[in-house]
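Data first, discussion second: the structure below is written as structure tokens.
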Amino acid sequence: MRSLILALFIGLVGFTSCSKDEENEVPEGGVEVENTTWQGSGIVGGAENVKVTLQFMSDGVLKGRYEPNPWSGTYSFNKKTQKGVAIEVDGDFKLEMPFEIKDGLLHISIDPGRPMTLKKIK
Numbered sequence: 000m001r002s003l004i005l006a007l008f009i010g011l012v013g014f015t016s017c018s019k020d021e022e023n024e025v026p027e028g029g030v031e032v033e034n035t036t037w038q039g040s041g042i043v044g045g046a047e048n049v050k051v052t053l054q055f056m057s058d059g060v061l062k063g064r065y066e067p068n069p070w071s072g073t074y075s076f077n078k079k080t081q082k083g084v085a086i087e088v089d090g091d092f093k094l095e096m097p098f099e100i101k102d103g104l105l106h107i108s109i110d111p112g113r114p115m116t117l118k119k120i121k
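Just so we're aligned: 103 in numbering that gives the first Met the number 0 is position 104 of the sequence shown, and the numbers increase by one with no gaps anywhere.
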């Protein structure tokens with residue numbers, strides 16, 4: 000009896016430890032954003048056709064560039080919904096920019112109401 004209980008316990012532990020973490024699963028056709036680089040151009044600060052580069056590092060660190068100005072910040076990203084928020088931080092200045100990855104493209108509005116599309120280059 001004791002060995003039956005032990006076998007059931009081991010089986011239960013093995014089963015539960017193998018279950019998938021659905022919140023962190025990348026859906027079919029989805030993209031993992033960590034350790035990727037995206038480029039495009041659009042309106043930034045009222046200026047048109049500004050080249051934009053976003054580099055999503057590990058641990059939520061974000062490096063960005065609006066030609067020719069580099070900046071840094073953080074990001075959060077939900078793999079399941081393929082939506083996130085990029086946050087530019089410069090001293091007391093903080094700008095939150097929601098983004099979404101759809102059909103392999105990153106859609107973001109740096110200037111509110113002026114969306115731009117970035118392509119994955121790395």
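All residues carry an ideal CB built from backbone N, CA and C; glycine is no exception. What you are looking at is a predicted structure, and each value in this text was computed from that prediction instead of being measured.
Would you decide whether A46 is buried or exposed? Buried here means 16 or more other CB atoms lie within 10 Å of its CB.
exposed
For I107, count neighbouring C-beta atoms within 10 Å of its own C-beta (all shown protein chains included) and say buried if the count is 16 or more, exposed if not.
buried
For D102, three-class secondary structure by DSSP:
coil
Report the rounded CA-to-CA distance for F92 versus P111, giving the unit in angstroms.
16 Å
Roughly how many angstroms lie between the CA atoms of D89 and W70, to the nearest whole one?
7 Å
Nearest-angstrom Cβ-Cβ length linking K145 and E24, presumed shorter than 8 Å
Shown here, the chain extends from 0 to 121; a query on residue 145 therefore has no answer.
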